[in-house]
Structures are given as structure tokens and as C-alpha cells.
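In our numbering, the protein residues as written are 2 to 144.
Backbone N, C-alpha and C fix where the C-beta goes; we use that ideal spot for every residue, glycine too.
If you're wondering where the values come from, they're calculated on a predicted model, not measured in any experiment.
Okay, so here's the structure we're looking at.
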Amino acid sequence: MPDDKEKLQAKAEVDVSIWMPIYIDNFIASTIRLTPQQIGAYILLVCDYWRNNSLPNDDAALSQITRIPIKQWKKDREIISTFFTIEGKLWKSTKLDADKKSAVENRLKVMERTAKAIKAKAEKALAREEPVGLHKEDHKDSP
């Protein structure tokens, strides 16, 4: 059974999978020599990578992800593959891995701060409540 920390980690990873940072200046600088089709393919590969933490080293799968016909993909593969490191059956990216790790860590910090604030608010509300049986009218009748 996963503990609270593991549950938070899993939730943070799911939360982060629905968005990713894009550094416009870096993106434009690194893709300036790509064709519009290659830029689109690269973006789709990055999006798939972000969700799955790697890409398959398989032309048919990469062609499908990029929505480029296999014949054209094989021509574009050489330039697009320079953005990744091929490790056996996978394409990897240390930059995307680092960006995602940072995003998950930031999300975890937000979740932990939120949980702490909710707990503090609940404790404060409980401290303000009067104990059962000690209503103001009961005090008037006391000797």
C-alpha cells in the first residue's frame, strides 16, 4: 500500500503531465533551421515524451506520433533526432527529464504547502469551538 508521500508524488506527476513549460527564446533558437513540418513533428514528439518519459526508437511509431508519412519521416528523422539521445530502444532527453523533474518537485511543494495550510486552518477552527456543554447560559446559573 503506498504511503502518503508516494501518493503525493503520483498525484504531482499526473498533475504535471497536463502542462509543460516552453521557453520561447530557447525554442525558436533551437528550431530556427527546421521546416514548419519538422517543427510540428518536434512539438508532437516533445508532447508525447512529456507524457511518457521517453519515445520509442521505432520509425513506424515515431511516424505515427508526428503524423508524418513514414517515407517523409525517414527523411526528417536525421535532423529531428538531434534533439534526443538514442539509448537502445528509446529516445531520451536529459533537458526534458530535468524540466519534468523540476515541475514535479515544484508541484509537490505547492501540494505540501496547501495541505499544511488546510490542516492549520482546520486546527484553528477547532480551537475556536466551545467545548460541548459549556454554553454561556449555563455559566449564569452556576454558583
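Buried or exposed by the 16-neighbour rule on C-beta atoms within 10 Å, applied to residue i
i	result
R34	exposed
K12	exposed
A118	exposed
W51	buried
R108	buried
L127	exposed
S103	exposed
Cross-strand partners of residue i (DSSP beta bridge)
i	result
L91	P57, E88
Minimum C-alpha distance to residue i - residue among the options
i	options	result
K90	Q10, L56, L127, I19	L56
S31	D4, D5, S82	S82
K6	K122, V105, A126	V105
S18	C48, D4, K76	C48
N53	S94, A123, I40, F28	S94
T36	I80, I23, N27, Y50	I80
K8	F28, M112, I29	M112
D16	K110, E130, A123, A121	K110
Cβ-Cβ distance between residue i and residue j below 7 Å
i	j	result
L97	I66	no
W92	F85	yes
N58	I87	yes
A42	I71	no
Q39	D100	no
Alpha helix (DSSP H) segments (min. 4 residues) lying fully within the region 4-34: Taking 4 residues as the minimum length, the alpha helix (DSSP H) runs contained wholly in the region 4-34 are 5-17, 25-32, in order along the chain.
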